[in-house]
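Working notes, structure below.
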Amino acid sequence: MTESDHQRPDPPTSARPLSVAVVGGGLGGLAVAIALRQAGHSVDVFEQAAALGEVGAGINISPQATKALSALDLGPALEEAGDAVTGQIQRSLTTGEQLAETRLAGEAAARFGAPYYVLHRADLLGVLADATDRARLHLDKRCTGVDQDADGVTVRFADGSRHRADLLIGADGIHSRVRACLYGEDQPVFTGQMVWRALVDARTLPPGILGPHGFCGWIGKGSHLMTYYLRGGQILNITTQSDADAWVEEGWSAAGDPDEMRAAFPGATPDLQLILDAVTSCSKWGLFGREPSHQWGDGRIQLIGDAAHPMLPNAGQGAAQALEDAYVLGRWLAVRADDPEAALAAFRDVRIPRAHAIQRQSRLNSKLVHAGDWERRQDAFRAREARGDTPLGMNWIYAYDIESQWAHRVEYPLSHTDAPLDGAA
Ligand SMILES: Cc1cc2nc3c(=O)[nH]c(=O)nc-3n(C[C@H](O)[C@H](O)[C@H](O)COP(=O)(O)OP(=O)(O)OC[C@H]3O[C@@H](n4cnc5c(N)ncnc54)[C@H](O)[C@@H]3O)c2cc1C
Numbered sequence: 002m003t004e005s006d007h008q009r010p011d012p013p014t015s016a017r018p019l020s021v022a023v024v025g026g027g028l029g030g031l032a033v034a035i036a037l038r039q040a041g042h043s044v045d046v047f048e049q050a051a052a053l054g055e056v057g058a059g060i061n062i063s064p065q066a067t068k069a070l071s072a073l074d075l076g077p078a079l080e081e082a083g084d085a086v087t088g089q090i091q092r093s094l095t096t097g098e099q100l101a102e103t104r105l106a107g108e109a110a111a112r113f114g115a116p117y118y119v120l121h122r123a124d125l126l127g128v129l130a131d132a133t134d135r136a137r138l139h140l141d142k143r144c145t146g147v148d149q150d151a152d153g154v155t156v157r158f159a160d161g162s163r164h165r166a167d168l169l170i171g172a173d174g175i176h177s178r179v180r181a182c183l184y185g186e187d188q189p190v191f192t193g194q195m196v197w198r199a200l201v202d203a204r205t206l207p208p209g210i211l212g213p214h215g216f217c218g219w220i221g222k223g224s225h226l227m228t229y230y231l232r233g234g235q236i237l238n239i240t241t242q243s244d245a246d247a248w249v250e251e252g253w254s255a256a257g258d259p260d261e262m263r264a265a266f267p268g269a270t271p272d273l274q275l276i277l278d279a280v281t282s283c284s285k286w287g288l289f290g291r292e293p294s295h296q297w298g299d300g301r302i303q304l305i306g307d308a309a310h311p312m313l314p315n316a317g318q319g320a321a322q323a324l325e326d327a328y329v330l331g332r333w334l335a336v337r338a339d340d341p342e343a344a345l346a347a348f349r350d351v352r353i354p355r356a357h358a359i360q361r362q363s364r365l366n367s368k369l370v371h372a373g374d375w376e377r378r379q380d381a382f383r384a385r386e387a388r389g390d391t392p393l394g395m396n397w398i399y400a401y402d403i404e405s406q407w408a409h410r411v412e413y414p415l416s417h418t419d420a421p422l423d424g425a426a
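Numbering (the numbering used here), first residue to last: 2 to 426.
Below, the structure is given as C-alpha cells:
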C-alpha cells in the first residue's frame, strides 16, 4: 500500500461541516485537529501554554500508530523526523546478560505492516504542528469550564473569553479540566512508579554500547531503564522506571539530580554505568493514573488521549492510543456528521474496549518486567518468542490495521491480556 492508496474518510455530504473546539495542543489534540479538518470540519485548538512544547525526551511510535499517522498523510514527515528501529534487546541491569530480543524489521515489519519509530518528542510535535492550521491554534488559552446544551458547547477560558462550537474534544491530558467539568474533581492516583528521564550526547559514549539495534532495555528487580538513540544517533535517550513507595513532590514532575539518578541503580553493569555517568541533567517524574473507565464523554463532549485513558508507559502506548483516537474520531465524524452525538457514541463503542485492554497490558507489563522472579520472567519471554510474539506479547497491539478496523468493535476479554503474561500478574 502506498501513501496515496489508503482509504480517505468519506467527506460529509448532506451534513454541514461542524465547528469543533479542541482543548489541549499536545500530541492527541493536534492529531485530532488534523483528522477532523481532513474530515471537512472547522476546528479550533485551545492550548494553555504560551508556546507549543514537549518535554525533552524520546518517544516510541509503534507500528499501528505509524499506520494512524500515515492515514493522516503524515507518513513522509514521520519518516523524515524519526528513526526507524530494527529491534530492541533486553539485558540484565546488573550482569549485562542478554535476556530477550524484539525484532521490529524485516519479517516483523511485514507482519506489523509499518515501521516502528523513535523520535525526540519535540520532533513528533513538530510533525503534527506543521500539519495544523496555525491560524486556528490559540495559545495562552487555559480552559476553566465547559457547558453543553442541545445545540452546542461553550468553552470558558481563564482570560474571561468564551468560545462556542458544535462539539468539544477534551485532549487536555491526565489532569483534564474538561473531564473534571463532566465528572467532577477526582485526582489521578500515584501508581507506585517513578521515572527519571535524561538525554545525553551520544558522541561521548562508545558507538556500540546499545547493541545491534541501538535500542537496549536494562531490567532489574523493581526497576528498568530504556535507552535508545534519537536524531540519527546524536542523542542517547534514557527513560527509567522504578517501583516507589511514595511520591512526595507537590507537582508531578521535578528537576532531578544526576547523582541521585545514578544512585538509584546500584550495581549497574559497566556499560550501563558508563551511560549513567554521562548524564549531566535529568528530570524526575511520578507516574499517575486512573482505573480504566467508561467516563470518556457525553453528548457533544468527547475526551481523547490521557484525558480518557491514562496508562503506565510499560507498553509505550499512551501517545499511540491518542493517535488511534484521533484517526477513528475523524472517520466517525466524517460518516456520521449528520448526527454528531451518534458519531461520538460510535467512537466510544469502538475505542473503549481496545484502550482498556491496552491499559491493562501496560500495568501487567510493568509487573512482569519488575518481577523479582528471574526464571518466571524468562519463561514468559521465551513462551511468547516461541509462538512468534514479542517478549512482552505486543503483536496484537502492533498488527492492528486501523484503516480497515476503525469501525469494528473488538471485545478483549480480561484473559486476552492476562493470559499472555503467564500468571505474572
Ligand atoms: C515516562 C513516559 C514515557 C512515555 N513513553 C511513551 C512512548 O514511548 N510511546 C507512547 O505512545 N506514549 C508514551 N508515553 C505516554 C504519552 O506521553 C502520553 O500518553 C501522551 O503524551 C498523551 O498525549 P495527550 O495529548 O493526551 O496529553 P498531553 O500530552 O498531556 O497534552 C495535553 C495538552 O493539553 C494542555 N492542557 C492541559 N490542560 C489544559 C487546559 N485547561 N486548557 C488548555 N490546554 C490544556 C497541556 O498544556 C498539553 O499541551 C510516555 C509517558 C511517560 C510518562
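All C-beta atoms in this analysis are idealised placements derived from N, C-alpha and C, irrespective of residue type, glycine included.
As the structure is a prediction and not an experimental result, all values here were calculated from the model.
Along the chain, where does the beta strand (DSSP E) containing residue 285 start, and where does it finish?
283-290
Uninterrupted beta strand (DSSP E) stretches inside the stretch 196-234 (no shorter than 3 residues)
216-221, 224-231
Any heavy atom of ligand 1 closer than 7 Å to the beta-carbon of residue 24?
yes
Does the beta-carbon of residue 222 have 16 or more other beta-carbons within 10 angstroms, so that it is buried, or is it exposed?
exposed
Got a sec: does ligand 1 put a non-hydrogen atom nearer than 7 Å to the Cβ of residue 182?
no
Can you round the beta-carbon distance between residue 305 and residue 29 to whole angstroms, since I take them to be within the 8 Å contact cut?
5 Å
May I have the straight-line CA-CA distance separating residue 278 from residue 270, to the nearest angstrom?
12 Å
If you scan the stretch 324-412 from start to end, which runs of the alpha helix (DSSP H) of 4 or more residues do you find wholly inside it?
341-370, 375-387, 396-399, 403-406
For the stretch 141-166, which segments carrying the beta strand (DSSP E) assignment without a break, of at least 3 residues, lie completely within its bounds, in sequence order?
144-149, 154-158, 163-166
Is there at least one non-hydrogen atom of ligand 1 closer than 7 Å to the beta-carbon of residue 239?
no
Just how far apart, CA to CA, sit residue 411 and residue 266?
41 Å
Looking at the secondary structure, which residues open and close the beta strand (DSSP E) in which residue 272 lies?
Counting along the chain, residue 272 falls outside any beta strand (DSSP E), though it belongs to the alpha helix (DSSP H) covering 271-278.
Burial state of residue 389 (16 or more Cβ within 10 Å)
exposed
For residue 282, does the count of other Cβ atoms within 10 angstroms reach 16, so buried, or fall short, so exposed?
exposed
Please indicate yes or no: does the CB of residue 288 lie closer than 7 Å to some heavy atom of ligand 1?
yes
Less than 8 Å between the beta carbons of residue 138 and residue 46, yes or no?
yes
Run of the alpha helix (DSSP H) containing residue 35, from where it starts to where it stops:
28-39
Using the Cα positions of residue 204 and residue 235, report the straight-line distance between them to the nearest angstrom.
7 Å
According to the neighbour-count rule (16 or more other Cβ atoms, all chains shown, within 10 Å of its Cβ), is residue 311 buried or exposed?
buried
For residue 303, write down the residues that DSSP places opposite it in a beta bridge.
170, 298
To the nearest whole angstrom, what separates the beta carbons of residue 387 and residue 65, a pair I think is in contact under 8 Å?
No, residue 387 and residue 65 are not in contact; Cβ-Cβ is about 23 Å, not under 8 Å.
Rounded C-alpha distance that separates residue 165 from residue 159:
15 Å
Can you tell me whether residue 161 is buried or exposed, with buried defined as 16 or more other CB within 10 angstroms of its CB?
exposed
Supposed close pair residue 156, residue 22 - CB separation, criterion 8 Å
5 Å
Whole-number beta carbon distance between residue 185 and residue 308, since they are thought to touch under 8 Å:
Not really, about 14 Å apart at Cβ, beyond 8 Å.
The alpha helix (DSSP H) with residue 453 in it runs from where to where?
The chain is shown only over 2 to 426; residue 453 falls outside these bounds and no answer can be derived.
What are the start and end residues of the beta strand (DSSP E) that includes residue 43?
43-47
Quick one: does the C-beta of residue 113 sit closer than 7 Å to a heavy atom of ligand 1?
no
Among the candidates 230, 27, 224, whose CA atom is the shortest distance from the CA of residue 242?
224
Ligand 1 heavy atom lying under 7 Å from the CB of residue 174:
yes
Distance check for residue 190 and residue 275, CA to CA, integer angstroms please.
35 Å
Spatial neighbours of residue 264 within its chain, please: C-beta separation below 7 Å, excluding the five flanking residues on both sides.
none
Find out if the Cβ-Cβ distance for the pair residue 101, residue 314 is shorter than 8 Å.
no
Per DSSP, which residues does residue 85 bridge with? Please list them.
118
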